[in-house]
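Student:
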Amino acid sequence: MKKLDESLLSDLPPFSQLDGSQIREILDLAKTKRFEENVTVFEEGAEAERFYLLLDGTVRALHVTPEGEHVTALHVPAGQLFGFAAAFGRSTYPATVETAAEAVTLWWPMSLWPQFVARYPGFATESYRTIGQRLNEMQTRVVELSVLHVEQRVARTLLRLIQQSGRQEDGGIVIDFPITRRDLSDMTGTTLHTVSRLLSGWEKKGVVQSERKHITVCKPERLHALSEGRPV
DNA sequence: CCATTAAAAGCCA
DNA sequence: TGGCTTTTAATGG
100 MKKLDESLLS DLPPFSQLDG SQIREILDLA KTKRFEENVT VFEEGAEAER
150 FYLLLDGTVR ALHVTPEGEH VTALHVPAGQ LFGFAAAFGR STYPATVETA
200 AEAVTLWWPM SLWPQFVARY PGFATESYRT IGQRLNEMQT RVVELSVLHV
250 EQRVARTLLR LIQQSGRQED GGIVIDFPIT RRDLSDMTGT TLHTVSRLLS
300 GWEKKGVVQS ERKHITVCKP ERLHALSEGR PV
């Protein structure tokens with residue numbers, strides 16, 4: 100296999116405190132894998148044999164109910180680890196992970212996780228920081244689901260997405276991966292129809308702009324107002 | 001206010 | 001063409 104460049108990792112938080120030789124060690128243990136858009140990386144409950152670093156693309160963690168309903172828990176932007184079940188003391192993955200866009204990953208056998216944590220300074224603290232952030236996000240989302248109105252939930256979701264995966268463009272901030280009304284309804288606990296109507300309404304007001312699988316937030320301020328139930 | 005159902009139109013492989 | 005995405009309208013909780 101081709102040698103991986105050390106600069107792949109040196110700027111990412113879990114590895115930023117490591118010197119060149121340490122990053123070299125880590126890269127030499129890694130394997131790369133590319134995934135097409137909308138494919139499953141691993142399933143909830145499966146043996147957690149690998150942990151991944153997302154080099155490029157976006158993945159989402161989700162749960163599928165027995166009735167086949169999808170509930171998206173969170174999105175993971177490029178540069179973050181995912182699937183590190185060993186960090187929670189689990190031997191199986193806690194959620195299904197799918198690619199939201201074509202993705203490039205590095206992966207390591209889960210058996211290496213304890214060694215990484217023990218050997219590499221900063222790796223553990225940064226990984227647990229990531230866990231904390233995701234836990235926080237999931238908690239606030241649970242609260243939001245129960246107390247906020249649909250319009251506020253969808254607005255907040257869009258704001259989170261542009262904050263985590265947004266790319267500045269001339270017309271506004273565009274969500275950097277393909278996203279459908281259906282995806283948004285899975286994230287907000289509503290229906291694709293309601294999401295469609297909301298987006299259409301916002302588009303008329305110039306707050307957002309959307310094509311199929313592609314949403315741009317033109318006026319984040321006004322979206323923020325909407326997320327607090329304030330009229331715009 | 002929001003979900004459900006139904007129907008139709010548009011986009012893309 | 002067939003399947004997926006989106007919009008729109010009607011209905012009902």
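When you number the first sequence by the numbering used here, it's gap-free, plus one each residue, and the end is 331. C-beta atoms are modelled at their ideal positions from N, C-alpha and C, and glycine is treated no differently.
Can GLU136 and ALA199 be called in contact, C-beta distance under 9 Å?
Tutor: In the first sequence, counting from the first residue as 1, residue 136 sits at position 37. In the first sequence, counting from the first residue as 1, residue 199 sits at position 100. Yes, the Cβ-Cβ distance between GLU136 and ALA199 is below 9 Å.
Student: Decide if PRO113 is buried, meaning its Cβ has at least 16 other Cβ atoms within 10 Å, or exposed.
Tutor: Here residue 113 refers to the residue found at position 14 of the first sequence. Flag for PRO113 reads buried.
Student: Sort GLY156, SER106, ALA145 and SER190 by Cα distance to SER264 and report the nearest one.
Tutor: Translated into the one-based positions of the first sequence, residue 264 becomes position 165. Ranking GLY156, SER106, ALA145 and SER190 by Cα distance to SER264 puts GLY156 first.
Student: Return helix, strand or coil for ALA202, following the three-state DSSP convention.
Tutor: In the first sequence, residue 202 corresponds to position 103, counting from 1. Of the three classes helix, strand and coil, the one that applies to ALA202 here is strand, per DSSP.
Student: Throw me the rounded Cβ distance for the LYS132 and TRP206 pair, which I believe falls under 8 Å.
Tutor: The count along the first sequence starts at 1 and reaches residue 132 at position 33. The count along the first sequence starts at 1 and reaches residue 206 at position 107. Indeed, because the Cβ distance is near 6 Å, the residues count as touching under 8 Å.
Student: Taking DSSP's pairing of strands, which residues face THR315 in a bridge?
Tutor: What you label residue 315 is simply residue 216 of the first sequence in a count that begins at 1. VAL273 and GLN308, per the DSSP bridge assignment.
Student: Considering Cα atoms alone, identify which of GLU201, GLU148, TYR151 and PHE222 is closest to PRO277.
Tutor: Residue 277 sits at position 178 when you count from the first residue of the first sequence. Measuring from the Cα of PRO277, the nearest candidate turns out to be GLU201.
Student: Would you tell me roughly how many angstroms separate the C-alpha atoms of GLU146 and ARG281, rounded to the nearest one?
Tutor: By 1-based counting over the first sequence, the position of residue 146 is 47. By 1-based counting over the first sequence, the position of residue 281 is 182. Rounded to whole angstroms, GLU146 to ARG281 spans 29 Å at the Cα level.
Student: Which of the three DSSP states is assigned to TYR219 in this structure?
Tutor: If you number the first sequence from 1, residue 219 lands on position 120. Coil, per DSSP.
Student: Along the chain, which unbroken stretches of the alpha helix (DSSP H) at least 4 residues long are found entirely within the region 110-193?
Tutor: Counting whole runs of 4 or more residues, the region 110-193 contains the alpha helix (DSSP H) stretches 119-128.
Student: By alpha-carbon positions, which one of THR290, ASP275 and ARG252 ends up nearest to ARG329?
Tutor: Counting from 1 along the first sequence, the entry for residue 329 is found at position 230. Measuring from the Cα of ARG329, the nearest candidate turns out to be ARG252.
Student: Assuming SER299 and LEU291 make a contact with CB atoms under 8 Å, what is their CB distance in whole Å?
Tutor: Stepping through the first sequence from its first residue, residue 299 is reached at position 200. Stepping through the first sequence from its first residue, residue 291 is reached at position 192. Wrong, their Cβ atoms sit about 12 Å apart, outside the cutoff.
Student: Taking only the alpha-carbon atoms, compute the straight-line gap between HIS162 and LEU180 and give it to the nearest angstrom.
Tutor: Here residue 162 refers to the residue found at position 63 when the first sequence is read from its first residue. Here residue 180 refers to the residue found at position 81 when the first sequence is read from its first residue. Approximately 19 Å between the Cα atoms of the pair.
Student: What would DSSP say about VAL196, mapped onto helix, strand or coil?
Tutor: Position 97 of the first sequence holds residue 196. Of the three classes helix, strand and coil, the one that applies to VAL196 here is strand, per DSSP.
Student: Per DSSP, LEU267 forms a beta bridge with which residues?
Tutor: On the first sequence, position 168 is the one that residue 267 refers to. Residue 267 is actually Gln in this sequence, not Leu. Answer is ILE272.
Student: Quick one: residues in its chain with C-beta nearer than 8 Å to the C-beta of ARG189, no 5 flanking neighbours on either side, listed in chain order?
Tutor: The residue you call residue 189 lines up with position 90 of the first sequence. Around ARG189: ALA147.
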